[in-house]
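The next block holds one structure in the form of structure tokens; read it before the comments.
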Amino acid sequence: MHGFGAGGEGGAAVSETIDAVTLAAGSAEGPAFVLSEPLSFWGGLDSATGRIIDQWHPQRDQIMTGTVLVMKAGRGSSSGSSVLAEAIRRGTGPAGIVLMTRDAIVTVGAMVAAELYGVHCPVVLASEADWPRIIGSERLVLRADDAKAKLQLLGGTH
Amino acid sequence: MALRLSSLDKDLLDGAHGEAAAFCMRLLTRFAEAVGAESFIDIDGAHIDGCLYLGQVSLDFVEHLVQLRGRVRVPTTLNVGSVDLIHPELFHGDREIGTNGARLMKAHEELGCMPTFTCAPYQTIFKPRFGAQIAWAESNAIVFANSVIGARTNRYGDFIDLCCALTGRAPYYGLHIPDKRRARVLVEIESLPEEWTDTGPVCVAVGHAVGKRCGSLVPVITGLPAYTQEDDLKALGAVAASSGAVALFHAVGLTPEAPTVEAAFQGHAPDETIRLTADDLRATVRNLSTVPDGTPLVGVSLGTPHFSFEEFARLMPLVEGEKPVVHIYINTNRGVLEELAARGWKDILEAQGATLVIDTCTYVTAIMRDMSGAIMTNSGKMAYYAPGNIGIDIAFGSLAECMASARAGKVVRL
Numbered sequence: 017m018h019g020f021g022a023g024g025e026g027g028a029a030v031s032e033t034i035d036a037v038t039l040a041a042g043s044a045e046g047p048a049f050v051l052s053e054p055l056s057f058w059g060g061l062d063s064a065t066g067r068i069i070d071q072w073h074p075q076r077d078q079i080m081t082g083t084v085l086v087m088k089a090g091r092g093s094s095s096g097s098s099v100l101a102e103a104i105r106r107g108t109g110p111a112g113i114v115l116m117t118r119d120a121i122v123t124v125g126a127m128v129a130a131e132l133y134g135v136h137c138p139v140v141l142a143s144e145a146d147w148p149r150i151i152g153s154e155r156l157v158l159r160a161d162d163a164k165a166k167l168q169l170l171g172g173t174h
Numbered sequence: 047m048a049l050r051l052s053s054l055d056k057d058l059l060d061g062a063h064g065e066a067a068a069f070c071m072r073l074l075t076r077f078a079e080a081v082g083a084e085s086f087i088d089i090d091g092a093h094i095d096g097c098l099y100l101g102q103v104s105l106d107f108v109e110h111l112v113q114l115r116g117r118v119r120v121p122t123t124l125n126v127g128s129v130d131l132i133h134p135e136l137f138h139g140d141r142e143i144g145t146n147g148a149r150l151m152k153a154h155e156e157l158g159c160m161p162t163f164t165c166a167p168y169q170t171i172f173k174p175r176f177g178a179q180i181a182w183a184e185s186n187a188i189v190f191a192n193s194v195i196g197a198r199t200n201r202y203g204d205f206i207d208l209c210c211a212l213t214g215r216a217p218y219y220g221l222h223i224p225d226k227r228r229a230r231v232l233v234e235i236e237s238l239p240e241e242w243t244d245t246g247p248v249c250v251a252v253g254h255a256v257g258k259r260c261g262s263l264v265p266v267i268t269g270l271p272a273y274t275q276e277d278d279l280k281a282l283g284a285v286a287a288s289s290g291a292v293a294l295f296h297a298v299g300l301t302p303e304a305p306t307v308e309a310a311f312q313g314h315a316p317d318e319t320i321r322l323t324a325d326d327l328r329a330t331v332r333n334l335s336t337v338p339d340g341t342p343l344v345g346v347s348l349g350t351p352h353f354s355f356e357e358f359a360r361l362m363p364l365v366e367g368e369k370p371v372v373h374i375y376i377n378t379n380r381g382v383l384e385e386l387a388a389r390g391w392k393d394i395l396e397a398q399g400a401t402l403v404i405d406t407c408t409y410v411t412a413i414m415r416d417m418s419g420a421i422m423t424n425s426g427k428m429a430y431y432a433p434g435n436i437g438i439d440i441a442f443g444s445l446a447e448c449m450a451s452a453r454a455g456k457v458v459r460l
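Chains G and P, in that order, give the protein sequences.
To convert, count from 1 in the first sequence and add 16; that's our numbering.
To convert, count from 1 in the second sequence and add 46; that's our numbering.
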């Protein structure tokens, strides 16, 4: 397991920190879970188990609990905000989320969970230029406050 | 580009209008930053899609606002809930969903929302005027308000719709802005199936194709029959907002922002042109059914979105005569139910084996008793969602075909 800032030591793993934009504040660390296609949380995520249940999604049956979810864009019904907030409330949701395009449905779900339950699932917006290195990482560390966000990339091929 | 706050916005944030409004304004400012809005505007009304119980968080959010003594600042209507509060005995689903779902609906009323519980608020006395800035949720209501009425809303949804209602403010971006409402895609209907005498299936087929092909881009449609009715455009929008993310369409000569093709494009050229032929439309309608003709039916479901009084007027002549052998469910709202009772139509429908479902909808909750076989509908939206949502087979047909099939007990075509 990598600790914060431990990447790169001994040349085995690489570590690099990049800037991002805060959409919802908080701190998180976890294995990177890169969605190969956009996912609608409504009809696509089972909030009781954290499992992907969209029968057409290539990562069907995988579990996102505790991961840092990396998704290029959001998709689908705005009811996805409720499903994400419910998953965060139950502790089955991702630890944090990295997006490449702004998404109000994801942002609102994380904001509401933070306001109602004090459980923070940070959501950050990363730049297209950094994207290939983000999706090549093994683990991600997010530090997002209202002013700025830092994203640390650990391990992998970036 | 920073978000500019008016003195009202600052007062709302500071709690001058109560703690609930301050809570909502805080969420709204971060939402506005997430969508890149630069300011807020006043709204004339809101429509809330938070009555459907999606888990404890649905109830916790609204109870929090009730505890903070929140009240809506603009006229606010409510979308369908998980149960029929007029006929609670119709619900036969999970007890927690039934109990919490009913409480969720009541809690919204305590915030000052109108107990309309309908996905067709545009066919109630709360219909907005042309050009009104509103904050609406529910995809079919959004597309109808923008397209058929010419009111202005984005695709609002969970939590944010209620935040707009409790503050009377909405972020100024997207379809609130005149030039974002211009058409991008030209959809030309080259020919219509000559055997289709009903505009219902025509509009469902066109809507389905438009949703698939246009995604969230604004289309302008040419070639719809001149006698297309409001309820046909309602069906078109509902399915386009299901198969795609269409929030606004224009139809030349039929919708208020498209007297001509040029007007709909606001002087710009189309980014893309899509041509639909009679064969395309036939294939689209055929693919909406998951079972072949002749399949035995266990029921017929009408009214997704909620049946209007005019749709009942179309239905009544088809109800006369031999009693159907399968159950018919018709989703509608409280206002229409009163009109049906006053005209004696409610008794006629019930005598013919129809169940009037109020406050909710057969495709989102456990209402239909027998789901062991195929259900027939004239709704493109029901046909699109029901197989995935409630796991049933669907046959799609015109209203007349639905009634003929209800009598035959199997899918028949006219």
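Every residue, glycine too, gets a C-beta built ideally from N, C-alpha and C.
None of the values given here were measured: they were computed from a predicted structure.
Any idea if residue i is buried or exposed, counting beta-carbon neighbours within 10 angstroms, 16 or more meaning buried?
| i | result |
| --- | --- |
| P/A83 | buried |
| P/R119 | buried |
| G/D35 | exposed |
| P/L460 | exposed |
| G/I69 | exposed |
| P/S52 | exposed |
| G/F20 | Caution is warranted here: a pLDDT of 45 is assigned to G/F20, below 50, making its placement in the model unreliable, and the coordinate value is therefore given only provisionally. So G/F20 ends up on the exposed side. |
| G/Q78 | exposed |
| G/K88 | buried |
| G/R76 | exposed |
| P/K456 | buried |
| P/Q169 | buried |
| P/D393 | exposed |
| G/R155 | buried |
| P/T406 | buried |
| P/R50 | exposed |
| P/D278 | buried |
| P/N333 | exposed |
| P/G96 | buried |
| P/H467 | An answer regarding residue 467 of chain P cannot be provided, because it is not within the stretch 47 to 460 covered by chain P. |
| P/G61 | exposed |
| P/P391 | Note on identity: in this sequence residue 391 of chain P is Trp, with Pro being the wrong assignment. Buried: at least 16 other Cβ atoms inside 10 Å. |
| G/A28 | Because G/A28 sits at a pLDDT of 47, beneath the cut-off of 50, its placement in the model cannot be relied upon, and the point is left open. |
| G/Q71 | exposed |
Could you tell me whether any Cβ in chain A is nearer than 8 Å to the Cβ of residue i?
| i | result |
| --- | --- |
| G/R118 | Among the chains of the structure shown, chain A does not appear; the protein chains present are G and P. |
For residue i, which beta-bridge partners are listed by DSSP?
| i | result |
| --- | --- |
| G/M87 | G/L115 |
| G/G42 | G/A160 |
| P/A183 | P/Y202 |
| G/R67 | G/D62 and G/I79 |
| P/H373 | P/G345 |
| P/E318 | P/V231 |
| P/T378 | P/F353 and P/I404 |
| P/R215 | P/D88 |
Note down, in chain order, every chain G residue with its Cβ under 7 Å from the Cβ of residue i.
| i | result |
| --- | --- |
| P/R201 | S94 |
| P/S104 | S98 |
| P/A80 | L39, R118, A120 and T123 |
| P/L100 | S95, S98, V99 and E102 |
| P/F205 | S97, V124 and V128 |
Using a C-beta to C-beta distance shorter than 7 Å, which residues of chain P count as neighbours of residue i?
| i | result |
| --- | --- |
| G/M127 | L73 and R76 |
| G/Y105 | Note that residue 105 of chain G is Arg in the sequence shown here, rather than Tyr. Under the 7 Å cutoff, chain P gives Q102 and V103. |
For residue i, which residues in chain G fall below 9 Å Cβ to Cβ?
| i | result |
| --- | --- |
| P/I180 | What P/I180 touches in chain G: nothing, since even the nearest Cβ is about 16 Å away. |
| P/F190 | Result: empty, since nearest Cβ-Cβ is about 17 Å, beyond 9 Å. |
| P/A107 | In the sequence on display, residue 107 of chain P carries Phe and not Ala. Ordered by position in chain G, the residues that pass the 9 Å Cβ test against P/F107 are S98, A101, V128, E131 and L132. |
| P/A183 | S94 |
| P/H110 | E131 and L132 |
Taking residue i and residue j to be in contact with their CB atoms under 8 Å, please state how far apart those CB atoms are, rounded to whole angstroms.
| i | j | result |
| --- | --- | --- |
| P/V292 | P/G426 | The pair is not a contact, with the Cβ atoms about 12 Å apart (cut-off 8 Å). |
| P/V108 | P/L74 | Wrong, their Cβ atoms sit about 16 Å apart, outside the cutoff. |
| P/A287 | P/I195 | Not confirmed; about 15 Å, so no contact. |
| P/V307 | P/T268 | 6 Å |
| G/F48 | G/S153 | The sequence shown places Ala at residue 48 of chain G, rather than the Phe named in the question. With a Cβ gap of about 5 Å, G/A48 and G/S153 count as contacting. |
| G/L100 | G/V135 | The Cβ separation is near 12 Å, so there is no contact. |
| P/V103 | G/V128 | 7 Å |
| P/V372 | P/L343 | 5 Å |
| P/D207 | P/H93 | 7 Å |
Which chain P residues are close to residue i, counting only those with a beta carbon under 9 Å from its beta carbon?
| i | result |
| --- | --- |
| G/H63 | Looking at the sequence provided, one finds Ser at residue 63 of chain G rather than His. In chain order: L100, G101 and V103. |
At 8 Å on the CB atoms, spell out the chain P contacts of residue i, in chain order.
| i | result |
| --- | --- |
| G/G59 | G434 and N435 |
Contact the stretch 82-100 of chain G vs the stretch 51-68 of chain P: 3+ CB pairs below 8 Å: At 8 Å Cβ cutoff, the stretches do not touch.
Cβ contact (3+ pairs, closer than 8 Å) linking the stretch 156-170 of chain P and the stretch 122-130 of chain P: A contact is defined here as three or more CB-CB pairs under 8 Å, and the stretch 156-170 of chain P meets this definition with respect to the stretch 122-130 of chain P.
Sufficient close CB pairs (3 or more, under 8 Å) joining the stretch 227-235 of chain P to the stretch 311-325 of chain P: Output reads yes: the stretch 311-325 of chain P touches the stretch 227-235 of chain P.
Segment contact, 8 Å Cβ cut-off, at least three pairs: the stretch 179-186 of chain P with the stretch 86-93 of chain P: Touching, yes, given that three or more Cβ pairs across the two stretches are closer than 8 Å.
Validate contact between the stretch 363-372 of chain P and the stretch 426-436 of chain P using beta carbons, cut 8 Å, 3 pairs: Contact fails: fewer than three Cβ-Cβ distances are below 8 Å.
Cβ pair count under 8 Å reaching 3, the stretch 91-98 of chain G against the stretch 39-56 of chain G: Taking 8 Å as the limit for Cβ pairs, the verdict is that the stretch 39-56 of chain G does touch the stretch 91-98 of chain G.
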